[in-house]
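Enquirer:
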Amino acid sequence: MGAPKDRLTQDGAPWRPFEDSGTLVKPLRTARNPGAIYAACERRLLAHLKAACLWPERERDKTWHIGDYSFYILEFSPARGTEVYAQFWSEPDEAGVIVATRGKAHNFKKTVGTGTAKDVRTLAREAVGLLCDVLGYDGRVPLTFRLHLGTRLRPGLAFDSICASDLAKLMRRWGLVAEIEEHAGKPDVIRSAIDRQPFLVGFVGERPAGSNEYGMIGLRAFFRFEGGVPDGLVSAINQNTVAAKASVDEEGDMIVQTAIVLHGGVTAENLEMSFGIWKQTIEEIVRGLH
151 MGAPKDRLTQ DGAPWRPFED SGTLVKPLRT ARNPGAIYAA CERRLLAHLK AACLWPERER
211 DKTWHIGDYS FYILEFSPAR GTEVYAQFWS EPDEAGVIVA TRGKAHNFKK TVGTGTAKDV
271 RTLAREAVGL LCDVLGYDGR VPLTFRLHLG TRLRPGLAFD SICASDLAKL MRRWGLVAEI
331 EEHAGKPDVI RSAIDRQPFL VGFVGERPAG SNEYGMIGLR AFFRFEGGVP DGLVSAINQN
391 TVAAKASVDE EGDMIVQTAI VLHGGVTAEN LEMSFGIWKQ TIEEIVRGLH
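Position one of the sequence shown corresponds to residue 151 (the numbering used here), numbered consecutively onward.
1. In chain order, which alpha helix (DSSP H) runs of at least 4 residues are fully inside the stretch 254–309?
2. Who are the near neighbours of A277 in its chain, counting only those whose CB is closer than 8 angstroms to its CB and skipping five residues on each side?
3. Have a look at R290 and L204 and give me their C-alpha separation to the nearest angstrom.
4. Can you name the start and end residues of the alpha helix (DSSP H) that H198 belongs to?
5. With DSSP as the reference, please indicate the residues paired to K395 in a beta bridge.
6. Please report the straight-line C-alpha distance between P337 and T264, rounded to a whole angstrom.
7. Give the straight-line distance between the Cα atoms of R323 and L299, rounded to the nearest whole angstrom.
8. Compare the C-alpha of L421 against each of G365, Y219, G185, P177 and name the closest.
9. For the candidate residues L297, G185, L273, whose alpha-carbon lies nearest to that of R166?
10. K336 by DSSP, collapsed to three states: which one?
11. Return yes when the Cβ of S397 is within less than 8 angstroms of the Cβ of V384, no when it is not.
12. Whole angstroms are fine: how far does the CA of K395 sit from the CA of G368?
13. Below 8 angstroms on the Cβ atoms is my guess for L303 versus G217; work out the distance and round it to an integer in Å.
14. Would you decide whether H413 is buried or exposed? Buried here means 16 or more other CB atoms lie within 10 Å of its CB.
15. Can you tell me the Cα-Cα spacing of G352 and H333, whole angstroms?
16. What would DSSP say about E331, mapped onto helix, strand or coil?
17. What three-state label does DSSP hand V247 in the structure shown?
18. Please classify A229 as buried or exposed, where buried requires at least 16 other C-beta atoms within 10 Å of its C-beta.
19. With a cut-off of 8 angstroms, does the C-beta of L383 fall near any C-beta of chain D?
20. When the Cα of L174 is compared with those of M404, T294, G377, R275, which residue comes out closest?
21. For A308 and A318, which I take to be in contact (beta-carbon distance under 8 angstroms), what is that distance rounded to the nearest angstrom?
22. Quick one: give me the first and last residue of the beta strand (DSSP E) that W122 is part of.
23. Checking 8 angstroms against the spacing of the C-beta atoms, do D345 and G415 come in under that value?
24. H270: which of A202, A186, M423, I187 sits nearest, CA to CA?
25. For S227 and E233, what's the separation of their Cα atoms in angstroms?
26. Residues bridged to W324 by DSSP?
27. Does the Cβ-Cβ distance between S342 and L326 come in under 8 angstroms?
28. Suppose you measure from the CA of V284 to the CA of A245; what does that come to, to the nearest Å?
29. Identify which residue in A274, E331, S171 has its Cα closest to the Cα of E192.
30. Between the Cα of T261 and the Cα atoms of V436, G253, E241, which residue gives the shortest distance?
Right, dumping it as structure tokens:
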């Protein structure tokens, strides 16, 4: 799905998905310095990086949403069979743009803040500097680009699956604490709390494999009591609560849990409502224990 290329001069990207690629700097027979190379591609490079790296607050939930992402790759071939590149990865509500380069003995990765068009201009000059001074680009071979403005949202702005980082951003927007806890070889877990009652957010049903996106969210809160769970408490909660179920685990603690299924598509608004019901449920249980 394409769009008029002159719209890339706007801050942000008003349409997704979008893909573009081509030659950013045409080769010359003689070598050029970084300043000359920057001058040859400045306008297009700035337009590409603005589209990929800026997430204007005024456009939140209009031209971009949680679940969108962008990457931009600058690449050249100094010799047959050898590819050298600089890559830029950006998502909304992150600390900055992840910049990574790859070349013979010159690989590194860092995060660069890009909140304004001025920051993007600085990033563009730094990108050319990396290509020329670090990776050895001198303008005698083509410098190509690939711009991808993607989204993890289904058409209609719904989540068919979700990753931990997207859900954590949404939870923070809703006023909840959300700390991601990584587990090697297992899905991430989000730690949160309602007032002083902690709860966990787990993920089930990765699709596709290796994507770190999951089709089901599990919310679980643990309640510990000295002397064991009071008689009748679990059955009372199950009789009076539709949105969650209580049980006692092997260690004698009470667990209250619920599941949110995303298969078929769930909007951010629907997710917020589900978390709101969960919050109300936990608050009612806590009040009943005092």
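Yeah, the Cβ is synthetic: ideal placement off N, Cα and C, and Gly gets one too. Here the structure is a predicted model, which means the values were calculated and not measured.
Expert: Taking the definition as stated:
1. 267–279
2. L195, L199, L224, A236, F238, V249
3. 31 angstroms
4. 184–203
5. Q407
6. 30 angstroms
7. 23 angstroms
8. G365
9. L297
10. strand
11. yes
12. 12 angstroms
13. 4 angstroms
14. exposed
15. 11 angstroms
16. strand
17. strand
18. exposed
19. The structure shown contains no chain D, having only a single protein chain.
20. T294
21. No, A308 and A318 are not in contact; Cβ-Cβ is about 19 angstroms, not under 8 angstroms.
22. Since the first residue of the chain shown is 151 and the last is 440, residue 122 is not available in this structure.
23. no
24. According to the sequence as given, residue 270 is Val; it is not His. The candidate whose alpha carbon is nearest that of V270 is A202.
25. 5 angstroms
26. None, per the DSSP bridge assignment.
27. yes
28. 25 angstroms
29. A274
30. E241
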